[in-house]
DNA sequence: CGCTTGATGATACGCTCGTATCACAATCGA
DNA sequence: TCGATTGTGATACGAGCGTATCATCAAGCG
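Chains as they are written, first to last, in full-length UniProt numbering: chain A, 1 to 214; chain B, 1 to 214.
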């Protein structure tokens with residue numbers, strides 16, 4: 001059988017298998033043997049394409065980040081014209097575990113993030129923390145833009161608010177994954193906060209403003 | 001040596017040892033042998049007082065909840081007269097990992113919460129989720145009270161807001177534990193949101209209001 | 001006093017994990 | 001054509017885990 005084979009494709013096949021396990025049985029169940037079985041290959045092959053488990057995890061994390069990024073931009077596009085507001089909405093709702101795909105992604109991501117907490121290997125100079133950092137500054141930028149446009153109150157600190165929104169979304173995600181509430185409820189909580197942040201810019205009162213529901 | 005010994009004290013000694021490990025090396029390092037060593041007893045003793053590891057974890061979780069509750073009420077008391085506002089502030093800032101003790105507690109708690117995500121044993125009818133639920137309804141009650149007193153805008157939904165604040169705090173805690181930012185910054189983000197929620201009830205404008213820093 | 005019983009130590013068992021080793025088949029360059 | 005290289009299988013190894021077993025030592029009770 002040993003035809004010359006496409007390494008990248010094989011690695012992807014195995015990496016995806018790991019992600020599938022991570023989002024169903026949890027990352028701690030993603031043992032070498034389990035991944036091999038899920039990918040339909042032998043244990044030896046997993047070792048062959050990823051010399052060590054850490055390399056496998058790292059590659060899978062990269063694939064996951066890829067999918068996550070793709071979902072975020074798809075979510076933004078789906079909201080119509082690209083404005084600061086749609087970017088913020090799209091980004092945050094994309095990473096909230098509401099439908100099947102986002103549950104999958106969030107579960108897997110949480111697994112990796114959890115690994116970060118107590119890995120002596122430091123997960124390759126904590127790659128995990130750079131992703132949220134980028135998201136945060138991106139959000140801050142667009143909140144500031146919305147502020148310029150008068151969609152957001154002037155006394156709002158974009159950086160602090162971006163951090164808060166992201167932390168809120170992560171916290172909501174955890175509560176959904178932990179079974180404390182369902183995705184729809186989490187979505188409602190997030191929408192409430194977002195609606196409170198993005199209000200119309202005409203009036204003097206901050207009460208009775210337009211409530212957004214999508 | 002076999003004097004008649006106080007079981008509850010021994011169990012506590014061992015349970016605290018587990019918590020100590022959970023908040024330093026992480027819960028996944030809390031093996032039976034490690035706990036025994038940390039507690040300064042033999043492996044056999046750990047087995048003697050807790051027939052199985054799950055029982056040990058459950059007991060330790062109970063101790064942790066105890067300490068957490070104690071810290072929350074201490075934090076509320078430290079804020080002076082007990083009002084709806086001090087309760088909300090005190091509760092949320094107590095569980096945010098800012099000082100050494102809260103880092104310890106939060107780390108340990110996160111470990112257990114993480115275990116919840118993917119334990120087939122379901123951690124004894126998911127005891128973990130009841131605690132946040134109680135906190136949430138408690139917060140909602142006091143936000144509603146503050147609303148009655150005019151300290152909170154009338155269009156705020158107490159339940160949604162309580163959930164959001166708790167999720168925000170949890171998310172911030174995760175980011176601190178994950179090394180994304182330090183406790184002081186997290187505290188600033190939380191304070192910003194709380195200050196925005198509890199505003200003075202006299203004026204017409206929502207800009208330039210009193211910024212709380214403690 | 002003696003004997004049951006509570007408390008403790010030493011050690012073993014079975015399992016799973018990541019990783020390593022050895023053998024071998026298919027392919028390709030010369 | 002043939003040897004070197006690439007891909008794959010079967011299996012072993014050592015460590016760490018939760019748990020179990022067996023023996024023993026000090027009390028308390030009759």
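Where is the CB? At the ideal position from N, CA and C, for every residue including glycine.
- Collapsing the DSSP output to three states places residue 152 of chain B in a strand.
- Beta-bridge annotation (DSSP): residue 198 of chain A is paired with A:152.
- For residue 77 of chain B, the closest of B:46, B:94, B:61, B:15 by C-alpha to C-alpha distance is B:94.
- In terms of Cβ geometry, residue 143 of chain B and residue 158 of chain B form a close pair [threshold 8 Å].
- Between residue 144 of chain A and chain B, the shortest Cβ-Cβ separation is not below 8 Å.
- Shown in chain order are the members of the stretch 97-111 of chain B whose Cβ falls below 9 Å from a Cβ of chain A: 107, 110, 111.
- Annotation: Cβ neighbours of residue 189 of chain B in chain A (cutoff 8 Å, chain order): 160, 163, 164, 167.
- Collapsing the DSSP output to three states places residue 81 of chain B in coil.
- Counting the other Cβ atoms within 10 Å of the Cβ of residue 192 of chain A gives 16 or more, which makes it buried.
- In this structure the stretch 7-24 of chain B lies against the stretch 52-71 of chain B, because at least three pairs of beta carbons, one per stretch, are closer than 8 Å.
- Annotation: residue 185 of chain B to residue 176 of chain B spans about 9 Å, alpha carbon to alpha carbon.
- Contact between the stretch 42-53 of chain B and the stretch 95-107 of chain B is absent, with fewer than three C-beta pairs closer than 8 Å.
- Neighbourhood of residue 192 of chain A in chain B, by CB distance below 8 Å: 157, 160, 161, 164, in chain order.
- Here the C-alpha atom of residue 44 of chain B lies approximately 25 Å from the C-alpha atom of residue 119 of chain B.
- Here residue 109 of chain A is buried: its Cβ has 16 or more other Cβ atoms, across all protein chains shown, within 10 Å.
- Scanning B:39, B:106, B:42, B:48 for the CA closest to the CA of residue 72 of chain B turns up B:106.
- A residue is called buried once 16 or more other Cβ atoms fall within 10 Å of its Cβ, and residue 147 of chain B is buried on that count.
- Under the 8 Å criterion on CB atoms, residue 147 of chain A is classed as non-interfacial with respect to chain B.
- For a Cβ distance threshold of 8 Å, nothing in chain A lies close to residue 50 of chain B: the least Cβ distance comes to about 22 Å.
- Considering only beta carbons, no part of the stretch 70-83 of chain A lies closer than 7 Å to chain B.
- DSSP, read as helix, strand or coil, puts residue 56 of chain A in helix.
- Within its own chain, the residues whose Cβ lies closer than 7 Å to the Cβ of residue 7 of chain A, once the five positions on either side in sequence are excluded, are 49, listed in chain order.
- Around the Cβ of residue 161 of chain A, a 10 Å sphere holds 16 or more other Cβ atoms; the residue is buried.
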